[in-house]
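Q: Protein chains in written order, with my numbering: chain A, 379 to 614; chain B, 28 to 257; chain C, 745 to 994.
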């Protein structure tokens, strides 16, 4: 066994070919989780009865569950119960026609929502009470005070955490390879399967992930530069 | 649901699976121990801003943080025997293709932790205000004295919560090792499932075990933090 | 006219307001004085529902509102006809001076952007800060921030402006410029309720002074009456600590 350059280039090409699968999974999950996570955090911040207690227990417990375990469990539950549920609901799509990536979406959204909700809760703590009062005092409603005053002020506080979440999500999306979704890593391995030589595939996959990760960091850098203007002292 | 999930089977597999949690803790223990030592070197070297070494460490950290652990494990598993195989064969008579996969898993996690913990330590050290160092100098301490007696104890307090979160993360990351054939909690659940034809109970057991130990570890660190705060 | 009747408020076991009633006529400037912990700030905050009173009635704008049971709609209505100037300025940290003044005009009063900009610029001109309109609060001095806060309040053309110790967070040399602006607001004929420690300011602008202590109104009257002929012993004690005796040469 050794490292074959041409195998490696084949793997790299194949990895890039499947990069959109990973990118789509990462970004769609991120956007949905950001919205849901903000809602969960807001419900908990305002201590809305029943819901806030439920979320607080759920998030705490759920953060103890590794993504891989959740993924395998949900996949298994899906495989086990799909036929019965589909029959009961008169769905005629055979299980083989369903892309397992939906399990991936479900798992990643649930996990990321929990972790982002914790970041947003932290950001709530970073905003002083007087900002709410100032909003109320000029006659803004509660919702408007949130959307126009509080959430925008959270952006620079949240950015570093969100950048971590996004890169974490990019890496976690790799786990859907365990439920037969072809993404960057499994894509990179396709040529390897022909040659029975895997190292090239994994190195190629690593490179592509690394590149996307660097791109996200670049994006976050510019976002941070632009969003935190109001925090800086000195003249404009 | 009765056909798919039986409580009797759950009770039957649970003790068999939880007994393998020792495999996960073995990985956590060695990875954290050696990873912490590596991380101290990484942090101190990065803070010294030595040319070339600083850049190399920057690339190393960026790679470890930017690529999935599963891919890193696989590269360790397939790559180390290729790169170091003949060296180890000739020098020590060890065939790297024969050693247990758990070793490669641990190497991958140690390297990973060197980067993650390294950044945590570096952040903690830089978080101590410079006036603390100046105060140390002002009473006649040497640079080394100031670092070990004034800066480090304060940095330690800052690092502890992050260290706890990281440790729970490493425990959760052990959920990947079954993909390399290591028989940990998930690996055991998988083999039991293959043997009995009933997989769900085993994975539910693994879920319960993971959540319980994660929360216990997290709780332990909160206690440590509280102790340190007093 | 704005009138509060029987306002009570406790924080836990501590009774901060025990039955406070105050009536303020249109265009009147009322200054509330009192030692810290007397409940004067809490009283002011209850008017704007920043604090929920335990009981009491607010008569305002031809309506009677139960301070404890007020509905969302009623609260919003009160807030839209009053403005509040905070001790710590309370500017929106992520908005420039101009945007701070515009926010209520566009979002609450639904004015067009052009109109809101015009009003906001006029207001900033009026407090002498038009050259700072694109500055963020973090780039302004305390006195400048407070003047933007006053501009924000005035621009909304409220019926009443509530001032909560508007100068007590300022460095001494910045107090003057801010008080000057508040005096100008008083000249406009807007109804004002001002909680402050600035005696000379109270003497200059107040139509009436209310002295509060221990959660009740101890005494009220014209500034000269309160300052020079206080009826109550508690008022006398308070004033003797605040007004430097030797500054009056007879």
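All C-beta atoms in this analysis are idealised placements derived from N, C-alpha and C, irrespective of residue type, glycine included.
(1) Below 7 Å between beta carbons is the criterion; list the residues of the region 240 to 252 of chain B that meet it against any residue of chain A, in chain order.
(2) Assign residue 124/B to buried or exposed, taking buried as 16 or more other Cβ atoms, counted over all protein chains shown, within 10 Å of its Cβ.
(3) State the DSSP-derived secondary structure class of residue 398/A, mapped to helix, strand or coil.
(4) Any idea what DSSP makes of residue 818/C, helix, strand or coil?
(5) Just to confirm before moving on: does the CB-CB distance between residue 858/C and residue 886/C stay below 8 Å?
(6) First and last residue of the alpha helix (DSSP H) that includes residue 148/B?
(7) State yes or no: is the C-beta of residue 419/A within less than 8 Å of the C-beta of residue 543/A?
(8) Got a sec: is the Cβ-Cβ distance from residue 559/A to anything in chain B below 8 Å?
(9) Please work out which residues of its chain come closer than 8 Å, Cβ to Cβ, to residue 172/B, disregarding the five sequence neighbours upstream and downstream, and give them in chain order.
(10) When you compare only the Cα positions, how much space is there between residue 131/B and residue 204/B?
(11) Counting only beta-carbon separations shorter than 8 Å, does residue 516/A have a partner in chain C?
(12) Could you tell me whether the Cβ atoms of residue 390/A and residue 585/A are closer together than 8 Å?
(13) Considering only the beta carbon of each residue, do residue 45/B and residue 236/B sit closer than 8 Å?
(14) What do you reckon, are the CB atoms on residue 601/A and residue 537/A nearer than 8 Å?
(15) With DSSP collapsed to three states, give me the class of residue 836/C.
(16) Taking a cut of 9 Å between CB atoms, which residues from the region 912 to 934 of chain C lie near chain A?
(17) Distance cutoff 8 Å, beta carbons only. Does residue 59/B sit that close to anything in chain A?
(18) Short of 6 Å in beta carbon distance, which residues of its chain neighbour residue 897/C, apart from the five on each side in sequence? Order them along the chain.
(19) With DSSP run on the structure shown, which of helix, strand or coil describes residue 471/A?
(20) What residues of chain B sit near residue 580/A, judged by a beta carbon separation below 7 Å?
(21) What does residue 751/C pair with, by DSSP beta-bridge criteria?
(22) What span of residues does the beta strand (DSSP E) with residue 952/C cover, start to end?
(23) For the alpha helix (DSSP H) holding residue 593/A, just list the boundary residues, first then last.
(24) Around the Cβ of residue 956/C, are there at least 16 other Cβ atoms within 10 angstroms (buried) or fewer (exposed)?
(25) Apart from the five residues just before and just after residue 528/A, which ones in its own chain have a Cβ nearer than 8 Å to its Cβ?
(26) Distance check for residue 245/B and residue 228/B, CA to CA, integer angstroms please.
(27) Nearest-angstrom Cα distance between residue 445/A and residue 176/B?
(28) Between the C-alpha atoms of residue 254/B and residue 882/C, what's the straight-line distance to the nearest angstrom?
(29) Are residue 395/A and residue 852/C touching if we call contact CB-CB under 8 Å?
(30) Output the distance between the C-alpha atoms of residue 441/A and residue 871/C, rounded to the nearest integer angstrom.
(31) Does the contact criterion of 3 or more C-beta pairs under 8 Å hold for the region 938 to 955 of chain C versus the region 963 to 980 of chain C?
(32) Residue 612/A CB to nearest chain B CB: under 8 Å?
(33) List the DSSP bridge partners of residue 936/C.
(34) Within the same chain, show all residues whose beta-carbon is closer than 7 Å to that of residue 644/A, passing over the 5 residues directly before and after it, in chain order.
(35) Is the CB of residue 993/C under 8 Å away from at least one CB in chain A?
(36) Could you tell me which chain B residues have their CB closer than 7 Å to the CB of residue 458/A, listed as they occur along the chain?
A: Straight from the coordinates:
(1) 241, 242
(2) exposed
(3) helix
(4) helix
(5) no
(6) 128 to 154
(7) no
(8) Contact of residue 559/A with chain B is not assigned, every C-beta pair being separated by 8 Å or more.
(9) 163
(10) 10 Å
(11) yes
(12) yes
(13) yes
(14) yes
(15) Here DSSP, grouped into helix, strand and coil, assigns residue 836/C to coil.
(16) none
(17) Interface with chain A (8 Å Cβ-Cβ cutoff): residue 59/B is excluded.
(18) Same-chain partners within the cutoff: 827, 829, 905.
(19) coil
(20) 98, 101, 102, 105
(21) According to DSSP, which records beta bridges pairwise, residue 751/C is partnered with 764/C.
(22) 952 to 957
(23) 577 to 605
(24) buried
(25) 502, 505, 509, 510, 513
(26) Rounded to whole angstroms, residue 228/B and residue 245/B show a C-alpha spacing of 26 Å.
(27) When rounded, the distance between both Cα atoms is 41 Å.
(28) The straight-line gap from Cα to Cα measures roughly 37 Å.
(29) Inclusion of residue 395/A and residue 852/C in the CB contact set at 8 Å is not warranted, their separation being larger than that value.
(30) Near 52 Å, if we compare the C-alpha coordinates of residue 871/C and residue 441/A.
(31) yes
(32) With a pLDDT of 48 at residue 612/A, under the threshold of 50, the modelled position of this residue cannot be trusted, and the question is left open.
(33) Beta-bridge pairing links residue 936/C to 773/C, 905/C.
(34) The question about residue 644/A has no answer here: the residues shown for chain A are numbered 379 through 614.
(35) For residue 993/C, the pLDDT reaches just 46, beneath the cut-off of 50, and the residue's location in the model is therefore unreliable, although a value from the coordinates is still provided. No - not a single Cβ of chain A is within 8 Å of the one on residue 993/C.
(36) Those are 31, 227, listed as they occur along chain B.
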